[in-house]
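Comments concern the structure below.
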Amino acid sequence: MTTSLATLQKWVDEVASHTRPNNIHWCTGSDDEYQQLISKMTADGTLSPLNQDKYPNCYLHLSDPTDVARVEHLTYVCTPNEEDAGPNNNWMSPVEGHAKVDPLFAGVMQGRTMYVIPYCMGPLDSPYSRCGVEITDSPYVVVNMKLMTRMGSAALERIEREGTFVKGQHSTGDLDPERRFIMHFPDELSIKSIGSGYGGNALLGKKCHALRIASQQARSEGWLAEHMLIMGLESPDGETHYIACAFPSACGKTNLAMLIPPHSLPGWKIWTLGDDIAWLHIDTEGQLRAINPESGYFGVVPGTNAKTNQNAFDMIHKDTIFTNVGRTADNEPWWEGKKVGEPAFDWQGRKYDPENGPAAHPNSRFTVAATNNPSYSALADAAEGVPISAIVFGGRRAKVAPLVFEARDWQHGVLVGASVGSKMTAAAFGEVGKIRRDPMAMKPFCGYNFADYWTHWLSFPERTKKLPKIFHVNWFRQDDDGNFLWPGFGENLRVLRWIVDRCENRVGARETPVGYLPNEGDIDTSELDISADTMRELLSIDVEHWRIENEHFADYLDEFGDRVPAALRKEQQRLAAKLAEL
Ligand code: SAT
Ligand code: MN
Numbered sequence: 340m341t342t343s344l345a346t347l348q349k350w351v352d353e354v355a356s357h358t359r360p361n362n363i364h365w366c367t368g369s370d371d372e373y374q375q376l377i378s379k380m381t382a383d384g385t386l387s388p389l390n391q392d393k394y395p396n397c398y399l400h401l402s403d404p405t406d407v408a409r410v411e412h413l414t415y416v417c418t419p420n421e422e423d424a425g426p427n428n429n430w431m432s433p434v435e436g437h438a439k440v441d442p443l444f445a446g447v448m449q450g451r452t453m454y455v456i457p458y459c460m461g462p463l464d465s466p467y468s469r470c471g472v473e474i475t476d477s478p479y480v481v482v483n484m485k486l487m488t489r490m491g492s493a494a495l496e497r498i499e500r501e502g503t504f505v506k507g508q509h510s511t512g513d514l515d516p517e518r519r520f521i522m523h524f525p526d527e528l529s530i531k532s533i534g535s536g537y538g539g540n541a542l543l544g545k546k547c548h549a550l551r552i553a554s555q556q557a558r559s560e561g562w563l564a565e566h567m568l569i570m571g572l573e574s575p576d577g578e579t580h581y582i583a584c585a586f587p588s589a590c591g592k593t594n595l596a597m598l599i600p601p602h603s604l605p606g607w608k609i610w611t612l613g614d615d616i617a618w619l620h621i622d623t624e625g626q627l628r629a630i631n632p633e634s635g636y637f638g639v640v641p642g643t644n645a646k647t648n649q650n651a652f653d654m655i656h657k658d659t660i661f662t663n664v665g666r667t668a669d670n671e672p673w674w675e676g677k678k679v680g681e682p683a684f685d686w687q688g689r690k691y692d693p694e695n696g697p698a699a700h701p702n703s704r705f706t707v708a709a710t711n712n713p714s715y716s717a718l719a720d721a722a723e724g725v726p727i728s729a730i731v732f733g734g735r736r737a738k739v740a741p742l743v744f745e746a747r748d749w750q751h752g753v754l755v756g757a758s759v760g761s762k763m764t765a766a767a768f769g770e771v772g773k774i775r776r777d778p779m780a781m782k783p784f785c786g787y788n789f790a791d792y793w794t795h796w797l798s799f800p801e802r803t804k805k806l807p808k809i810f811h812v813n814w815f816r817q818d819d820d821g822n823f824l825w826p827g828f829g830e831n832l833r834v835l836r837w838i839v840d841r842c843e844n845r846v847g848a849r850e851t852p853v854g855y856l857p858n859e860g861d862i863d864t865s866e867l868d869i870s871a872d873t874m875r876e877l878l879s880i881d882v883e884h885w886r887i888e889n890e891h892f893a894d895y896l897d898e899f900g901d902r903v904p905a906a907l908r909k910e911q912q913r914l915a916a917k918l919a920e921l
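Heads up: the sequence shown begins at 340 in the working numbering, then just goes up one per residue.
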């Protein structure tokens, strides 16, 4: 199969003549193709079949030990003007960017097959979807893209019809971290990634296209590309509200998106639309609607068990690719927090020895199609997406942020989103545990200057009067001994109920300098082992902490200089003034 689209054919030919693959395979996306690639990779050791009785159609990939997470320090946004990339991105000029990576691609596919993957981010028939083509020499990338996106012939048809697509050029190269780069050229709608096979670096439809490139496109076209899960909450009377929640990587988006209601809240049902990325558009009625550009999950494995996330636990018992987990003696995948079985081998294939650290890498992942999820919502495939009632921000904070609060209005909500901070996790190479600013959970993913991004967010009240309410949650508040105060997981539904009730004006709230907080007793704690004192602590504001936090945020804004929108500064100063009154 080749293509009728001349620009696509020309680009594929150019990449082939530069990278010199032995052959070229245009992916159709068929199940047969998937199975053939799986067989090829099990034959050459890229994948090992797991216990097929207990884990049918599940495979294990062990990556190079140096290639286990996103590499933010090697990720660049290449715009003609450095200012346009902003202090939130590493920058190179497009000329320099190409000059840096092109030599690394020269001849790199010799002896390998070059796969051409046409893909569509979002439902194939949605006007909100956008397409791309990834060229890669990694069959592991192809099978992951098959699980994560709508890829193959149908996507190619749309690309040929539209004539436009994001160009993604990827090679695992020699996996040398010194020769690893993830380059974005937003003006050219192109991505060049070399030297890594890891998800966020190599599955170019995901962070590179659906966030870094798309956030730029969204800005110029009047929509938002966000690092958000999308879920539906169906009440016992059959009323469903959809919410979009932004949390940094490895802060529980996948768990929240497929939450199982506790027994004490009978009749509730949760529907999963997406666990990582949301594209938000205003429809002709002025309603904000969300689609999930992806069609699968690339989730953190450790900690997944029948108690924390029964849906995820069930869905990864079949048709799943595991990356960097350990194995039991009878060849089942094993990870810390699985609660059943014992590790026999670790994620580097060694005999398990606690001296070597955990059996599963803390950022080990599962890749699985969204339709495997028991709480999958068929509306994830709806061209028009779902209406969004609330936007929720959050991070991992031991102190400062209360369990939940509501922003006063949209402008204040932008301040709340922009001041998200979180403990760093193993999802990215860096100092795990260190608090870093992660505005809208987009620090690693906003493909342009954050100051311009906040200006874009602040423009939404001019576009529609029907914007959703904005909230902030923190499931990770700790007492002075480091114990979590809130039980989390399924019990988070109690907080989401309050959010929905606020959206419907069914419950009051108390006004504080930081926003609206629940009145005592309004978060249902029935059948929970939690004292009124703990609830009070969870819903308290530590004024001194907030003052310091707000001062740090002002310093952070200074890094963006004059480009910071005046309305955001004003919100920050307004908060400072209110805190000073106390
Ligand atoms: O970057 S990935 O998409 O691989 C995972 C994450 O950090 O969210
Ligand atoms: Mn993510």
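For every residue, glycine included, the Cβ atom is placed at its ideal position computed from N, Cα and C.
Everything numeric in this text was worked out from a predicted model, so none of it was measured.
CB-CB length for residue i against residue j, believed under 8 Å
| i | j | result |
| --- | --- | --- |
| residue 427 | residue 782 | 6 Å |
| residue 400 | residue 479 | 6 Å |
| residue 794 | residue 621 | At roughly 17 Å, the Cβ-Cβ gap does not stay under 8 Å, so residue 794 and residue 621 are not in contact. |
| residue 502 | residue 471 | Actually they are not in contact, since the Cβ atoms of residue 502 and residue 471 sit about 13 Å apart, beyond 8 Å. |
| residue 610 | residue 600 | The pair is not a contact, with the Cβ atoms about 12 Å apart (cut-off 8 Å). |
| residue 408 | residue 767 | 5 Å |
| residue 713 | residue 653 | 6 Å |
| residue 500 | residue 446 | Their Cβ separation, rounded to whole angstroms, is 34 Å, which puts residue 500 and residue 446 out of contact at 8 Å. |
| residue 603 | residue 859 | That pair is no contact at about 19 Å. |
| residue 756 | residue 741 | That belief does not hold up - the Cβ atoms of residue 756 and residue 741 are roughly 16 Å apart, past 8 Å. |
Close Cβ partners of residue i (< 6 Å) along its chain, the five nearest in sequence each way excluded
| i | result |
| --- | --- |
| residue 305 | Residue 305 lies beyond the range of the chain shown here (340 to 921); nothing can be said about it. |
| residue 563 | 557 and 619 |
| residue 697 | 675 |
| residue 659 | 397, 705 and 707 |
| residue 642 | 676 |
| residue 769 | 763 |
| residue 917 | 852 |
| residue 840 | 846 |
| residue 722 | 462, 464 and 465 |
| residue 792 | 785 |
| residue 455 | 351, 365 and 474 |
Nearest-angstrom Cα separation, counted from residue j out to residue i
| i | j | result |
| --- | --- | --- |
| residue 573 | residue 619 | 21 Å |
| residue 570 | residue 421 | 37 Å |
| residue 485 | residue 899 | 39 Å |
| residue 852 | residue 633 | 38 Å |
| residue 857 | residue 864 | 13 Å |
| residue 662 | residue 699 | 9 Å |
| residue 876 | residue 743 | 12 Å |
| residue 678 | residue 817 | 24 Å |
| residue 489 | residue 495 | 10 Å |
| residue 433 | residue 580 | 43 Å |
| residue 465 | residue 797 | 26 Å |
| residue 353 | residue 376 | 25 Å |
| residue 378 | residue 870 | 55 Å |
| residue 908 | residue 497 | 43 Å |
| residue 296 | residue 824 | The requested residue 296 is not part of the displayed model; the chain covers only 340 to 921. |
7 Å CB neighbourhood of residue i in its chain, flanking five on each side removed
| i | result |
| --- | --- |
| residue 806 | 627, 749, 799 and 800 |
| residue 424 | 416, 418, 430, 787 and 788 |
| residue 681 | 667 |
| residue 467 | 461, 618, 620, 630 and 724 |
| residue 665 | 673, 674, 682, 684, 685, 686, 691, 698 and 699 |
| residue 388 | 381 and 398 |
N- and C-terminal bounds of the alpha helix (DSSP H) containing residue i
| i | result |
| --- | --- |
| residue 351 | 345-358 |
| residue 913 | 905-920 |
| residue 889 | 882-897 |
| residue 508 | Taken as a continuous stretch (DSSP letters only), residue 508 belongs to no alpha helix (DSSP H), being part of the beta strand (DSSP E) at 505-510. |
| residue 794 | 789-797 |
| residue 595 | 592-596 |
| residue 437 | 433-444 |
Residue i, enclosing beta strand (DSSP E) - first and last residue
| i | result |
| --- | --- |
| residue 761 | 760-762 |
| residue 364 | 362-365 |
| residue 618 | 617-621 |
| residue 585 | 579-585 |
| residue 478 | Taken as a continuous stretch (DSSP letters only), residue 478 belongs to no beta strand (DSSP E), being part of the alpha helix (DSSP H) at 478-487. |
| residue 923 | Lying outside 340 to 921, the shown extent of the chain, residue 923 is not represented and no answer is given. |
| residue 1008 | Because the chain here runs from 340 to 921, residue 1008 falls outside it and cannot be looked at. |
| residue 417 | 414-417 |
Min CB distance residue i to chain C below 7 Å
| i | result |
| --- | --- |
| residue 894 | In the structure shown, chain C does not exist; there is a single protein chain. |
Residue i: CB within 6 Å of a non-hydrogen atom of the ligand NAP
| i | result |
| --- | --- |
| residue 860 | Judged by which ligands are present, the ligand NAP is missing from the structure shown, whose ligands are the ligand SAT and the ligand MN. |
Open item on the list: Any residue with its Cβ nearer than 5 Å to a heavy atom of the ligand MN should be included. What is that list in chain order?
Closed with: Qualifying residues come out as 588 and 615.
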